[in-house]
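Step one of this worksheet: look at the structure below.
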Amino acid sequence: MYLEHYGLREAPFRITPHTDFFFAGGNRGATLEALIYAISNDEGIVKVTGEVGSGKTMLCRMLLEKLPATVETVYLANPSYSRDEILHALAAELQLELPEGRPSLLLKALQERLLQSYAAGRRVVVLIDEAHAMPGETLEEIRLLSNLESSRHKLLQIVLFGQPELDERLAQPDLRQLKERITHNFGLEPLRRTDIGPYLMFRLRAAGYHGPDIFSPRALQGIDTASEGLTRRINILADKAMLAAFAANTHLVDQPQVQAAVTDAQFTPLPAASNKAVTALRPILLVLPLGLALTFGAYWAGRQSVAATPSEAAVSAPQFPAATPSPATASATATPAATSPAQDSPATPAPESVPQEAQAAPPSAATAKLPADLPQNAGRLTREALAAHQSWLAQADDRHYVLQLLAVKGSATREVESFLTQAARSLPPGTLRAYYRSAAEGPRWGVTYGDFPDRSSAVAALAALPEAIRNTRPYPRQVQRLR
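Counting with the working numbering, you get residues 1 to 483 for the letters of the sequence shown.
Okay, here's the thing in structure tokens:
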């Protein structure tokens, strides 16, 4: 409806993946290049995980287009395949005449077909979308397919795309052998707040728009808050907001239009770890095995978006008890696992042995610069928690996580003070922080807890919280989302 209003030749924010609209910012382009390199230079299984709507299918479609001509690609996107059906689907995609009889005959025919491709200097890559929803027996069949090999090389390269639940599935004992076949793990993160404006304008330009920016800073902030950085949600909100601007006969998309879009979309917050396997979504944009990263170094020179870590180390992050999370200052001085061998890293100190300077009290509310629009009825604990938040945020690592304990409207100031009073009775001093900031729907209060080096540590802390606090449905949140 608004195409002519904005001078567009096509809809800019369709949720169906369209490779002409692939946004290389937000580390998407870097991830694509690293995936191509991993597929072209290694023989293990590759795994890509990300939340619903984070852009996994778009990345998969880009791979289909960008892999070298010497690579034959097979795309399987039906998660309901049984063990036999996935073999038949693969055979059909490879235009293999299906033999009659037992599945073992089909597997033999597949191996012969793959040997022919190998002899001709061609690699066969299978991209499996929605892998987290596949039956266990089908995932086991994928492992068996990865065993097909010549005298020297694997005949089939497999890439699994899935939601964070895929890691939970792979942690089950019956899929341990499949997990051990995975040599490269990629985590697709939501877009940062600073990426959302460029992302929206890129899509508008790709759709034929030639004018100035149409999304105001307040609109971008509202879209960021409501979408949580997920590209599908961003597209939905942008489309609805532009429609609202068209209906109001204005070209500028501002806070009222975004608020209308948010109300209409009715998104629910990303679920807490107890409901989803969020441990798979790592607090880094890309996880590469150390060997691949070293080989990839010259090719990847100058790019800081790829962090190299051993695949095994990525799933053995240090755990922090919920009652004694690592203070921000202590976390900031920890040696990153990606840059130092595990045996050289000192063990995480017990809470009682944390250096005294790491436990220093935050600046008092009297000396801290509090928000100018802070409600006058903010209580003492609230003001102290605000001061603690400002001091902590100034040095916090954007890749770290906190637990979001409370998120309420700006008018609920007394509720924040009451919550802090109750929470302080069961949580260690200095671990609670509060913020007050503007949002598309109006001012918001938030209370956070702890400072954790990765999401899995935050998840473990959440599980150990007192029951009364767990009942408020806290959830892990990355530090960068608080800025």
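Here a beta-carbon is modelled for each residue, glycine too, at the ideal position from N, C-alpha and C. None of the values given here were measured: they were computed from a predicted structure.
| Asked | Found |
| --- | --- |
| Heavy atom of the ligand GTP within 6 angstroms of Asp398 beta-carbon | Inclusion of the ligand GTP in the displayed structure is not the case, the ligand content being empty and no account of it being possible. |
| Three-state secondary structure assigned by DSSP to Arg477 | strand |
| N- and C-terminal bounds of the alpha helix (DSSP H) containing Ile236 | 231 to 247 |
| Cβ separation of Leu462 and Pro474, assumed to be a contact under 8 angstroms, to the nearest whole Å | 6 angstroms |
| Gly222, DSSP secondary structure in three states | helix |
| Cβ contact (3+ pairs, closer than 8 angstroms) linking the segment 237 to 256 and the segment 57 to 77 | no |
| Contact check, Val479 vs His389, beta carbons under 7 angstroms | no |
| Touching by the beta-carbon criterion (3+ pairs, under 8 angstroms), the segment 88 to 95 and the segment 25 to 33 | no |
| Close beta carbons around Tyr2, own chain, < 8 angstroms, minus the five adjacent residues each side | Leu8, Met242, Leu243, Ala245, Phe246 |
| The beta strand (DSSP E) enclosing Glu72, as first and last residue numbers | 71 to 76 |
| Rounded C-alpha distance that separates Trp445 from Gly379 | 13 angstroms |
| Length of the line joining the Cα atoms of Ile39 and Leu188 | 17 angstroms |
| For Glu140, the nearest candidate out of Ile158, Glu97, Leu403, Asp195 (CA to CA) | Ile158 |
| Selection from Glu165, Arg193, Phe202 that minimises the alpha carbon distance to Gly222 | Arg193 |
| Residues that DSSP places opposite Lys507 in a beta bridge | Residue 507 is absent from the structure shown; the chain starts at 1 and stops at 483. |
| Span separating the alpha-carbon of Thr249 from that of Pro453 | According to the sequence shown, residue 249 is Asn rather than Thr. Looking at the two C-alpha atoms, the distance is approximately 47 angstroms. |
| Cβ separation of Thr73 and Leu155, assumed to be a contact under 8 angstroms, to the nearest whole Å | Not confirmed; about 15 angstroms, so no contact. |
| Residue interval of the beta strand (DSSP E) (run including Gln404) | 401 to 409 |
| Under the three-state DSSP convention, the category Asn377 falls into | coil |
| Simplified DSSP assignment, three categories, for Tyr199 | helix |
| Cβ contact check for the segment 130 to 138 and the segment 8 to 26: 3 or more pairs under 8 angstroms | no |
| With 16 other Cβ atoms within 10 Å as the buried cut-off, status of Thr16 | exposed |
| 7 angstroms Cβ cutoff met for Ala460 and Ala385 | no |
| Short Cβ contact (7 angstroms threshold) for Thr49 with Pro164 | yes |
| Integer-rounded CB distance, given that Thr413 should sit under 8 angstroms from Pro375 | 5 angstroms |
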